[in-house]
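Numbering (the working numbering), first residue to last: 3 to 65.
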């Protein structure tokens, strides 16, 4: 299985991964919130890992 960690991907690979994931998610879930897009931008820019984003999104939904 390919690693999607920041250390194992280029910015271009992370951008493509996010674009593909958002396209697929819109089939069932609609377009993500502005806050979620900001979090994914942070992943693309190498500031947050995907697992950190997942935790943040789950925490925000659980409140």
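Even for Gly, the Cβ is constructed at its ideal location relative to N, Cα and C. These figures come from a predicted structure and were not determined experimentally.
Handout entry: Spatial neighbours of residue 52 in its chain, beta-carbon cut-off 7 Å, leaving aside the 5 residues before and after
Key = Residues 6, 45 of the same chain have their beta carbon placed closer than 7 Å to that of residue 52, with the five preceding and five following residues left out of the count.
Handout entry: For residue 12, three-class secondary structure by DSSP
Key = Residue state for residue 12 is assigned as coil, using DSSP reduced to three classes.
Exercise for the section: Could you tell me the boundaries of the alpha helix (DSSP H) in which residue 3 lies? Expected result: Here residue 3 belongs to no alpha helix (DSSP H), and DSSP marks it neither H nor E.
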